[in-house]
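**Student:** This is the structure I have questions about; it appears just below.
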Amino acid sequence: MPVFQIHHITQYKYDRPVKESVSQVRIFPLQHAQQHVRQFELLITTNPQVATFTDYYGNTVGDFTVLQPHQTLAIDTRMTVETVEQKGYAPEDNITIADLRNTIALDIALLRLADPERIQEQDAIDDILQSITNPVQHVRHMAWACSEYIFRHFKYEKGITSVETTIDEILQHKSGVCQDFAHVLLQMLRSLGIPARYVSGYICPNKSGMRGEGATHAWVEFYTPGDGWVGIDPTNNVWVNGYHVVLATGRDFNDCSPVKGTFKGIARQSLSVFVSVGYEDGHVFEEVNEVKLETVSSDEVEPWQNDWMQAQQQQQ
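Residue 48 in UniProt numbering is what sits at position 48 of the sequence shown, and the numbering runs on without skipping anything.
Quick look at the structure:
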């Protein structure tokens, strides 16, 4: 079974002191049948107390506050995770959309995850689905067809989208990163009536050079009766296997954001994200991602404007 040592640092820097940074983190690896957390450590600037709770989707969430003035806020996690190398999935089961709808008809939680977002480009989504699926196909056939379409028709390109980029915008320029592709796949699956959820985590493929290594990654899980949640990674067009480490699941990125928060003060902020993955053979992959930010620098603001959103890390 693969074992990974992951080191993840999220660091904010400010050009002048800020205070009362209130943050929420979802950076605790999930413990489940396919993933065993051997060790986890969380270090934060000034060592504030972290209050943890379990959210609606079963994720561990941490809240903390740094009250005193500071110009750096670093959130440093180290973890050792053992995963089960899954067999991968071949789309050969006989569950159709009609079967699925009958199964989830009285399950409110699954029905919510099968409800697509209201977007302007829904006609474009429907046209794509009509061209690559048909109502009698099995659910896994449909999911694979959707993932393959994204992989073939969308360009993986860093730096052109942000955490604020909408599905409409992604469909228009047909490029982005894993967060964008996961959102498009969610919209496609839900438009078919398939319950689907966003997954945040890491991809640890060692030397295979898969897209998304070196930052937090994102993919999708869809629901089928009998198998439960099945993972599929549209960025790499693969079934999720023992090289994916899960941090959180939810309806979309907003439910799974690794770090978000606010601070008081007027300052330019910069955000850098460092991720390293150590493998059993001694190989270590490291990468630093500088995140593009909108900055605030004016001293001429009203008191009510003194709370600023902490920049969020886009998943690559």
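Here a beta-carbon is modelled for each residue, glycine too, at the ideal position from N, C-alpha and C.
1) Does E221 pass the burial test, meaning 16 or more other C-beta atoms within 10 Å, or should it be called exposed?
2) Secondary structure at A145, three-state DSSP: helix, strand or coil?
3) Just how far apart, CA to CA, sit E20 and K264?
4) DSSP three-state call for L100: helix, strand or coil?
5) Is the separation between the beta-carbon of V37 and that of V81 shorter than 7 Å?
6) Note down, in chain order, each residue of its chain lying with its Cβ closer than 6 Å to the Cβ of E121, except the 5 sequence neighbours on either side.
7) Helix, strand or coil: which one does DSSP assign to R190?
8) Which residues in the same chain as A218 place their Cβ atom closer than 6 Å to its Cβ, once the five residues preceding and following it in sequence are excluded?
9) Please list the segments of the beta strand (DSSP E) lying wholly inside the region 235 to 270, counting only runs of 3 or more residues, in order along the chain.
10) DSSP three-state call for H173: helix, strand or coil?
11) For R140, which three-state DSSP category applies?
12) If you compare alpha carbons, which of I97, E41, I6 is closest to T191?
13) What residues in its chain sit with their C-beta under 6 Å from that of Y14, if we drop five residues either side in the sequence?
14) With H, G and I counted as helix, E and B as strand and the rest as coil, what does DSSP make of V184?
15) Note down the Cα distance separating I125 from M188, rounded to an integer number of angstroms.
16) Measuring only the C-alpha atoms, how far is T54 from V61?
17) Taking the straight line between their C-alpha atoms, what separation do you get for G282 and Q5?
18) Quick one: what does DSSP say I44 is sitting in, helix, strand or coil?
19) Taking DSSP as the reference, what is the three-state secondary structure of D55?
20) Return helix, strand or coil for H283, following the three-state DSSP convention.
21) Give me the Cα-Cα distance between P258 and Q312, rounded to the nearest whole angstrom.
22) Between S147 and the rest of its own chain, which residues show a CB-CB distance below 7 Å, the 5 nearest in sequence each way excluded?
23) Express the C-alpha separation of L100 and Q34 in angstroms, rounding to a whole number.
24) Specify the secondary structure class of residue 319 as computed by DSSP and reduced to three states.
25) If you reduce the DSSP assignment to three classes, tell me which class I128 lands in.
26) Measure from the C-beta of P225 to each C-beta in chain D and report whether the shortest distance is under 7 Å.
27) Rounded to whole angstroms, what is the Cα-Cα separation between V277 and N102?
28) So, using beta-carbon positions, are P205 and Y223 closer together than 7 Å?
29) From K158 to K174, what distance separates their C-alpha atoms?
30) Comparing C-alpha positions only, which one of V163, L30, S23 sits nearest to N51?
31) Hey, out of N47, T77, A145, whose CA is closest to V66's CA?
32) Taking the alpha carbon of Q86 as the point to measure from, which residue in G250, N59, V245, I44 has its own alpha carbon closest?
33) Taking Cβ positions, are F40 and M1 nearer each other than 7 Å?
**Tutor:** Quick look at the numbers:
1) As a working mapping, residue 221 is identified with position 221 in the sequence shown. Burial call: buried.
2) Here residue 145 refers to the residue found at position 145 of the sequence shown. Correct three-state label for A145: helix.
3) Taking the first residue of the sequence shown as position 1, residue 20 is located at position 20. Taking the first residue of the sequence shown as position 1, residue 264 is located at position 264. Approximately 6 Å, taken between the alpha carbons.
4) Translated into the one-based positions of the sequence shown, residue 100 becomes position 100. Reduced to three states, the DSSP call for L100 is helix.
5) For the purposes of this step, residue 37 is taken as residue 37 along the sequence shown, with counting starting at 1. For the purposes of this step, residue 81 is taken as residue 81 along the sequence shown, with counting starting at 1. Yes, they are a contact pair.
6) Locating residue 121 in the sequence shown gives position 121, counting from the first residue. The answer, listed in chain order, is D168, L171.
7) As a position in the sequence shown, residue 190 is number 190, starting the count at 1. Helix, per DSSP.
8) Start at 1 with the first residue of the sequence shown, and residue 218 comes out as number 218. Same-chain partners within the cutoff: C178, Q179, A182, S200, Q315.
9) 244 to 250, 259 to 264
10) In the sequence shown, the residue the question calls residue 173 occupies position 173. H173: helix per DSSP, three-state reduction.
11) The residue given as residue 140 occupies position 140 in the sequence shown. Reduced to three states, the DSSP call for R140 is helix.
12) For the purposes of this step, residue 191 is identified with residue 191 of the sequence shown, where counting begins at 1. Note that residue 191 is Ser in the sequence shown here, rather than Thr. Among I97, E41, I6, the Cα nearest to that of S191 belongs to I97.
13) Here residue 14 refers to the residue found at position 14 when the sequence shown is read from its first residue. The residues are Q71, A267, Q269.
14) Residue mapping note: residue 184 aligns to position 184 of the sequence shown, counting from 1. It is helical.
15) Residue 125 sits at position 125 when you count from the first residue of the sequence shown. Residue 188 sits at position 188 when you count from the first residue of the sequence shown. Distance between the alpha carbons of I125 and M188 is about 6 Å.
16) Taking the first residue of the sequence shown as 1, we reach residue 54 at position 54. Taking the first residue of the sequence shown as 1, we reach residue 61 at position 61. Cα to Cα, the separation comes out at about 6 Å.
17) What you label residue 282 is simply residue 282 of the sequence shown in a count that begins at 1. What you label residue 5 is simply residue 5 of the sequence shown in a count that begins at 1. Distance between the alpha carbons of G282 and Q5: 10 Å.
18) Position 44 of the sequence shown holds residue 44. For I44, the secondary structure class from DSSP, reduced to helix, strand or coil, is strand.
19) What you label residue 55 is simply residue 55 of the sequence shown in a count that begins at 1. Residue state, collapsed to three classes: coil.
20) The residue given as residue 283 occupies position 283 in the sequence shown. In the structure shown, H283 sits in coil (DSSP, three-state: anything other than H, G, I, E or B).
21) Within the sequence shown, residue 258 is the residue found at index 258, counting from 1. Within the sequence shown, residue 312 is the residue found at index 312, counting from 1. Computed Cα separation, rounded: 8 Å.
22) Here residue 147 refers to the residue found at position 147 of the sequence shown. Excluding positions up to five away in sequence, the list reads L185, I232, P234, N237.
23) Within the sequence shown, numbered from 1, the residue matching residue 34 stands at position 34. Within the sequence shown, numbered from 1, the residue matching residue 100 stands at position 100. Going from the Cα of Q34 to the Cα of L100 covers about 24 Å.
24) This structure does not reach residue 319, given that the chain is present from 1 up to 316, and the question cannot be answered.
25) If you number the sequence shown from 1, residue 128 lands on position 128. Helix, per DSSP.
26) Annotation note: the requested chain D is absent from the structure, which comprises a single protein chain.
27) Here residue 277 refers to the residue found at position 277 when the sequence shown is read from its first residue. Here residue 102 refers to the residue found at position 102 when the sequence shown is read from its first residue. Near 42 Å, if we compare the C-alpha coordinates of N102 and V277.
28) Taking the first residue of the sequence shown as position 1, residue 205 is located at position 205. Taking the first residue of the sequence shown as position 1, residue 223 is located at position 223. Not in contact: P205 and Y223 (Cβ atoms no closer than 7 Å).
29) To locate residue 158, count along the sequence shown from 1; it is residue 158. To locate residue 174, count along the sequence shown from 1; it is residue 174. Approximately 13 Å between the Cα atoms of the pair.
30) To locate residue 51, count along the sequence shown from 1; it is residue 51. As written in the sequence, residue 51 is Ala, which differs from the Asn given in the question. Among V163, L30, S23, the Cα nearest to that of A51 is on S23.
31) For the purposes of this step, residue 66 is identified with residue 66 of the sequence shown, where counting begins at 1. Ranking N47, T77, A145 by Cα distance to V66 puts N47 first.
32) Here residue 86 refers to the residue found at position 86 when the sequence shown is read from its first residue. Answer by Cα proximity: V245.
33) Locating residue 40 in the sequence shown gives position 40, counting from the first residue. Locating residue 1 in the sequence shown gives position 1, counting from the first residue. For F40 and M1, no; Cβs fall outside 7 Å.
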